[in-house]
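This report refers to the structure that appears directly beneath it.
Numbering (our numbering), first residue to last: 76 to 565.
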């Protein structure tokens with residue numbers, strides 16, 4: 076029996092087959108009864124197999140359409156959608172990031188979201204190792220979605236080599252990924268604003284970076300009563316550990332533990348420090364130093380001649396000149412959890428204590444050598460978008476940003492749709508935004524649409540007006556109406 080596939084009845088409930096012929100693609104439905112008739116008795120298994128093997132017209136089992144499965148309409152846990160109203164706020168925030176960066180003479184850079192995993196694997200014990208979204212690609216390479224931007228920046232600096240004229244003042248706004256426990260303002264996917272200065276060893280660089288963040292806060296209406304900066308230096312820790320002959324290679328691990336001071340109980344901190352190899356006496360001394368909250372007490376503990384005290388005092392003196400001394404305070408417990416920091420470190424915090432750190436950064440003079448390059452003095456900060464948005468909501472400082480369009484254009488006759496398109500193209504060519512009504516709609520709908528998009532003008536294309544080579548214009552804020560020739564429409 077010869078089976079004529081095109082003569083089969085198309086029943087509603089049957090699966091769909093695609094027949095790939097030499098001339099064109101055909102799609103048809105076969106009901107359950109028809110499907111059962113496609114057996115070896117009616118076609119012949121060997122005949123079907125030979126068709127599949129040697130002809131493009133054969134029915135492939137993999138082509139049987141699957142019943143569509145309902146998907147979860149929410150984004151993956153810890154990530155976000157940005158519908159238009161949220162996207163407008165994100166664009167506004169990013170624009171402020173960019174404008175402040177340009178005010179300070181920084182240039183924008185960017186890097187791949189996907190990087191080599193090795194770029195982010197530095198020191199054992201760093202949280203970031205366990206937070207990587209990493210996998211092996213089809214070329215058997217270990218890769219990761221970037222959890223932060225600084226290592227990518229270091230890679231690019233090394234790539235540029237001596238062709239880069241120091242100092243470099245670069246900024247970036249990039250998407251980052253960390254698989255971590257979520258809290259308010261802490262997500263697994265976020266955007267981060269980074270500013271970095273490469274090639275300046277003096278604390279003027281750190282002072283400049285903090286000044287940029289303060290400038291950003293002020294633009295948004297945030298004051299020193301809302302936000303402050305805790306400032307310290309990794310060298311404070313080094314001084315204490317040197318006194319107790321703790322090996323230098325353990326320094327990074329101690330910093331990682333100390334960074335958990337406000338996250339886990341003090342007894343747990345002591346246990347972790349002891350497991351690293353610190354004596355009870357050294358732990359007691361270290362915790363005493365970390366409790367220091369003033370430069371005066373730091374000088375009493377470490378003396379006035381040490382480099383660490385000198386650098387921190389210099390930063391506070393420069394802050395006076397910049398005009399943000401009320402924003403900063405000394406806190407010896409600030410060490411930052413990333414292993415590459417080497418000197419001054421700082422964190423922006425919510426003075427009410429409701430949110431996690433708003434931003435943070437510091438000096439990382441030895442990062443490039445961990446990637447096989449020559450060390451270059453460097454410092455920078457990272458500033459996440461999620462926490463600042465929470466703070467702005469809390470302070471009722473988020474602006475109301477609606478869609479704004481210069482013109483809405485509507486034809487009053489279906490035959491004039493092409494003319495409406497011509498008018499729209501003419502105005503867009505002059506740099507004006509235009510919302511073109513793409514189908515016949517009643518005027519009530521058009522006015523509602525104009526109000527929703529905050530259109531400034533309504534331009535109507537009517538038959539009698541177009542016969543006079545004019546269009547009708549209505550200024551929506553005042554109700555003023557007039558006719559104007561197309562070549563005079565601005």
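Built from N, CA and C at the ideal position, the CB exists for glycine as well.
According to the neighbour-count rule (16 or more other Cβ atoms, all chains shown, within 10 Å of its Cβ), is residue 342 buried or exposed? Along the chain shown, read from residue 1 onward, the residue named residue 342 stands at position 267. Classified as exposed, residue 342 has fewer than 16 neighbouring CB atoms from the shown chains inside 10 Å of its CB.
From the DSSP secondary-structure annotation, give me the bridge partner or partners of residue 258. Working through the chain shown from its first residue, we reach residue 258 at position 183. In the DSSP output, where bridge partners are listed per residue, residue 258 has 261.
If you draw a straight line from the C-alpha of residue 562 to the C-alpha of residue 506, how long is it? Here residue 562 refers to the residue found at position 487 when the chain shown is read from its first residue. Here residue 506 refers to the residue found at position 431 when the chain shown is read from its first residue. Straight-line Cα distance between these residues: approximately 15 Å.
Keeping to the same chain, check which residues put their C-beta closer than 6 Å to that of residue 357; ignore five residues upstream and five downstream. Counting from 1 along the chain shown, the entry for residue 357 is found at position 282. Answer for residue 357: 319, listed in chain order.
So what's residue 220 in DSSP terms, helix, strand or just coil? Counted from its first residue, the chain shown places residue 220 at position 145. Note: residue 220 maps to strand in three-state DSSP.
Per DSSP, residue 272 forms a beta bridge with which residues? Your numbering for residue 272 matches position 197 in the chain shown. In the DSSP secondary-structure assignment, residue 272 is bridged to 244 and 454.
Using the C-alpha atoms, what's the distance from residue 438 back to residue 273? For the purposes of this step, residue 273 is identified with residue 198 of the chain shown, where counting begins at 1. For the purposes of this step, residue 438 is identified with residue 363 of the chain shown, where counting begins at 1. Rounded to the nearest angstrom, the two C-alpha atoms are 10 Å apart.
What residue range does the alpha helix (DSSP H) around residue 364 cover? Translated into the one-based positions of the chain shown, residue 364 becomes position 289. Note, residue 364: alpha helix (DSSP H), 355-365.
Boundaries of the alpha helix (DSSP H) in which residue 526 is found, first to last residue: On the chain shown, residue 526 is found 451 positions in, with the first residue counted as 1. Element bounds for residue 526: 518-527.
Check residue 324 in the structure and name its three-state DSSP category. The residue labelled residue 324 in the question sits at position 249 within the chain shown. Correct three-state label for residue 324: helix.
Run of the alpha helix (DSSP H) containing residue 422, from where it starts to where it stops: Within the chain shown, the letter at position 347 stands for residue 422. Unbroken run through residue 422 is the beta strand (DSSP E), 419-425; no alpha helix (DSSP H).
Name the one or two DSSP bridge partners that residue 252 has. Position 177 of the chain shown, counted from the first residue, corresponds to residue 252. Bridge partners of residue 252: 264.
Touching by the beta-carbon criterion (3+ pairs, under 8 Å), the region 468-481 and the region 442-451: When C-beta atoms of the region 468-481 are compared with those of the region 442-451, fewer than three pairs fall below 8 Å, so the two segments do not count as touching.
What is the DSSP secondary structure of residue 512, reduced to helix, strand or coil? Position 437 of the chain shown holds residue 512. DSSP places residue 512 in coil when its eight states are reduced to three.
With respect to the beta strand (DSSP E) encompassing residue 486, which residues constitute its N-terminal and C-terminal limits? Along the chain shown, read from residue 1 onward, the residue named residue 486 stands at position 411. Per DSSP, residue 486 belongs to the beta strand (DSSP E) from 482-486.
Whose CA, out of 510, 565, 494 and 196, lies closest to the CA of residue 538? Residue 538 sits at position 463 when you count from the first residue of the chain shown. For the residues 510, 565, 494 and 196, the minimum Cα distance to residue 538 belongs to 494.
When the Cα atoms are used, what is the spatial distance from residue 550 to residue 516? Position 475 of the chain shown, counted from the first residue, corresponds to residue 550. Position 441 of the chain shown, counted from the first residue, corresponds to residue 516. Using only the alpha carbons, I get a separation of about 20 Å.
Beta-carbon spacing of residue 192, residue 227 below 7 Å: Reading the chain shown from its first residue, position 117 is the one you call residue 192. Reading the chain shown from its first residue, position 152 is the one you call residue 227. No, the Cβ-Cβ distance between residue 192 and residue 227 is not below 7 Å.
Please return the same chain residues whose Cβ sits closer than 7 Å to the Cβ of residue 220, not counting the five positions on each side in sequence. As a first step, residue 220 must be located in the chain shown, where it is residue number 145. Around residue 220: 188, 189, 208 and 252.
Under 7 Å between the Cβ atoms of residue 184 and residue 268? Position 109 of the chain shown, counted from the first residue, corresponds to residue 184. Position 193 of the chain shown, counted from the first residue, corresponds to residue 268. Cβ distance not < 7 Å, so residue 184 and residue 268 don't count as in contact.
Bridge-paired residues (DSSP) for residue 557: On the chain shown, position 482 is the one that residue 557 refers to. The partner list for residue 557 (beta bridge, DSSP) reads 548.
Would you give the residue range spanned by the alpha helix (DSSP H) that residue 181 belongs to? One-based indexing of the chain shown puts residue 181 at position 106. Per DSSP, residue 181 belongs to no alpha helix (DSSP H) and is neither H nor E.
Any idea what DSSP makes of residue 105, helix, strand or coil? Here residue 105 corresponds to residue number 30 of the chain shown, with the count starting at 1. Low confidence applies here, because residue 105 scores a pLDDT of 35, under 50, leaving its location unreliable; read the following figure in that light. Correct three-state label for residue 105: coil.
Express the C-alpha separation of residue 397 and residue 403 in angstroms, rounding to a whole number. For the purposes of this step, residue 403 is identified with residue 328 of the chain shown, where counting begins at 1. For the purposes of this step, residue 397 is identified with residue 322 of the chain shown, where counting begins at 1. Using only the alpha carbons, I get a separation of about 12 Å.
If I follow the unbroken alpha helix (DSSP H) through residue 57, where does it start and stop? Given that the chain is displayed from residue 76 to residue 565, the structure contains no residue 57 and the question cannot be resolved.
When we look at the beta-carbon of residue 210 and count the other beta-carbons within 10 Å, is it buried (16 or more) or exposed? The residue labelled residue 210 in the question sits at position 135 within the chain shown. Counting Cβ neighbours within 10 Å, residue 210 comes out exposed, since fewer than 16 surround it.
Determine the closest residue to residue 194 out of 534, 225, 275 and 376, with distance taken between C-alpha atoms. The residue you call residue 194 lines up with position 119 of the chain shown. Checking every option, the nearest Cα to that of residue 194 belongs to 225.
Give a yes or no on whether the C-beta atoms belonging to residue 70 and residue 428 are separated by under 7 Å. With the chain covering only 76 through 565, there is no way to say anything about residue 70.
For the structure I just gave you, are there three or more beta carbon pairs, one from the region 288-298 and one from the region 333-340, closer than 8 Å? Segments in contact, no.
The beta strand (DSSP E) with residue 310 in it runs from where to where? Within the chain shown, numbered from 1, the residue matching residue 310 stands at position 235. Per DSSP, residue 310 lies in no beta strand (DSSP E); the unbroken alpha helix (DSSP H) holding it starts and ends at 309-318.
Out of 368, 462 and 441, which one is the CA nearest neighbour of residue 168? Numbered from its first residue, the chain shown carries residue 168 at position 93. Minimum Cα distance to residue 168 is reached at 462.
C-alpha gap between residue 240 and residue 231, whole angstroms: Your numbering for residue 240 matches position 165 in the chain shown. Your numbering for residue 231 matches position 156 in the chain shown. C-alpha separation (whole angstroms): 13 Å.
Nearest residue (CA-CA) to residue 310, options 329, 302 and 303: Working through the chain shown from its first residue, we reach residue 310 at position 235. Checking every option, the nearest Cα to that of residue 310 belongs to 329.
Since residue 439 sits in a beta bridge, which residues does DSSP pair it with? Along the chain shown, read from residue 1 onward, the residue named residue 439 stands at position 364. The partner list for residue 439 (beta bridge, DSSP) is empty, contrary to what the question assumes.
To the nearest whole angstrom, what separates the beta carbons of residue 373 and residue 405, a pair I think is in contact under 8 Å? Sequence index remark: in the chain shown, residue 373 carries index 298 (1-based). Sequence index remark: in the chain shown, residue 405 carries index 330 (1-based). Contact flag correct, Cβ pair sits at about 7 Å.
Identify the residues that DSSP records as bridge partners of residue 397: which are they? Translated into positions along the chain shown, residue 397 becomes position 322. Per DSSP, none; premise fails for residue 397.
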